[in-house]
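Participant:
Residue numbers (UniProt numbering): 1 to 225.
1. Please say whether residue 211 and residue 173 have beta carbons closer to each other than 9 Å?
2. Compute the beta-carbon to beta-carbon distance between residue 165 and residue 149, rounded to the nearest angstrom, for a pair I have assumed lies under 8 Å.
3. Whole angstroms are fine: how far does the CA of residue 114 sit from the CA of residue 21?
4. Between the region 69–89 and the region 104–112, do at least 3 Cβ pairs fall closer than 8 Å?
5. To the nearest angstrom, report how far apart residue 182 and residue 120 are at their CA atoms.
6. Spell out a yes or no on whether the region 85–92 and the region 24–36 are touching, meaning 3 or more CB-CB pairs, one atom from each, closer than 8 Å.
7. Excluding the 5 residues flanking residue 129 on each side, which residues of the same chain have their C-beta closer than 7 Å to its C-beta?
8. Taking all protein chains shown into account, do 16 or more other C-beta atoms lie within 10 angstroms of the C-beta of residue 177, making it buried, or fewer, making it exposed?
9. Check the C-beta distance from residue 186 over to residue 145 and give it rounded, since I have them as a contact under 8 Å.
10. Is residue 171 helix, strand or coil when you go by DSSP?
11. So, for residue 6: in the same chain, excluding its five sequence neighbours on each side, which residues have a beta-carbon less than 7 Å away from its beta-carbon?
12. For residue 28, report the span of its alpha helix (DSSP H) as first-last.
13. According to DSSP, is residue 199 helix, strand or coil?
14. Return yes when the Cβ of residue 162 is within less than 9 Å of the Cβ of residue 219, no when it is not.
15. Taking only the alpha-carbon atoms, compute the straight-line gap between residue 70 and residue 92 and give it to the nearest angstrom.
16. Could you have a look at residue 178 and say whether DSSP puts it in helix, strand or coil?
17. Please check the pair residue 190 and residue 160, which I expect to be a contact at CB under 8 Å, by giving their CB distance rounded to whole angstroms.
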């Protein structure tokens, strides 16, 4: 787990998950012990005349499994002789301890994932806010357009200059949004600039683009097309 004051990382979560898998494997192993446990020894039956200090003897009984709740004494109250009591008690104790560890670890995993998701969400929101602020700044920094290109004839001077349909014109030679009155202003500039390059600035896809346009005669009508 991450140290106090340090942000949780993906690696921290991966380590917690590996530890969780290890604990689950240990719990499974101890449950298998409970299923397979066998004492290999049995307390002999004591009847009338049997010595009180009768010795225990070893045998190979049929395997019997026990779980977490089966009694460890027989109907007479004696410790069961068909299982290894020490192994059973040890396995049960370890299972309980490991289950507590597993529960605490799962809480750590949940908290770590929550922190990761919260930080990722915060980062995403920050990135979106920055992108929006940048876009807004760019929009605010763009000059105001006064005309829009509705058509560009292929092969015309306008087409060869790189003008595109939907380009928003913000500057056409000496004409801009502050002094533009009507399209005759542009026509006048074109007539006086035949054969000479004009500085044209347009807004295209939210960005300012400079175009070098030279009005000249061509196969079509006018000097621009």
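Quick reminder that beta carbons are idealized off the backbone N, C-alpha and C, glycines included. Note that the structure is a prediction, hence the values are computed from the model and not measured.
Facilitator: Quick answer:
1. Reading the chain shown from its first residue, position 173 is the one you call residue 173. Reading the chain shown from its first residue, position 211 is the one you call residue 211. No; because the gap between Cβ atoms is not below 9 Å, this pair is not in contact.
2. Taking the first residue of the chain shown as 1, we reach residue 165 at position 165. Taking the first residue of the chain shown as 1, we reach residue 149 at position 149. About 6 Å separates the two Cβ atoms, so the contact holds.
3. For the purposes of this step, residue 21 is taken as the residue at position 21 of the chain shown. For the purposes of this step, residue 114 is taken as the residue at position 114 of the chain shown. Rounded to the nearest angstrom, the two C-alpha atoms are 20 Å apart.
4. no
5. The sequence position of residue 182 within the chain shown is 182, counting from 1. The sequence position of residue 120 within the chain shown is 120, counting from 1. Taking the straight line from one Cα to the other gives about 52 Å.
6. yes
7. On the chain shown, residue 129 is found 129 positions in, with the first residue counted as 1. Closer than 7 Å at Cβ, skipping near neighbours: no residue.
8. Residue numbering aside, residue 177 sits at position 177 when the chain shown is read from its first letter. So residue 177 ends up on the exposed side.
9. Position 186 of the chain shown holds residue 186. Position 145 of the chain shown holds residue 145. Wrong, their Cβ atoms sit about 13 Å apart, outside the cutoff.
10. By one-based count along the chain shown, residue 171 stands at place 171. Looking at residue 171 - three-state DSSP - the assignment turns out to be strand.
11. The sequence position of residue 6 within the chain shown is 6, counting from 1. Contacts found: none.
12. The residue labelled residue 28 in the question sits at position 28 within the chain shown. Residues 10–36.
13. Walking along the chain shown from the start, residue 199 turns up at place 199. If DSSP states are grouped into helix, strand and coil, residue 199 belongs with the strands.
14. As a first step, residue 219 is located in the chain shown; it is residue number 219 there, counting from the start. As a first step, residue 162 is located in the chain shown; it is residue number 162 there, counting from the start. It is not a contact, given that the beta carbons lie outside the stated cut-off.
15. Along the chain shown, read from residue 1 onward, the residue named residue 70 stands at position 70. Along the chain shown, read from residue 1 onward, the residue named residue 92 stands at position 92. Between residue 70 and residue 92, the C-alpha separation is close to 11 Å.
16. Here residue 178 is taken as the residue at index 178 of the chain shown, counted from 1. It is coil, neither helix nor strand.
17. Start at 1 with the first residue of the chain shown, and residue 190 comes out as number 190. Start at 1 with the first residue of the chain shown, and residue 160 comes out as number 160. Contact flag wrong, Cβ pair sits at about 15 Å.
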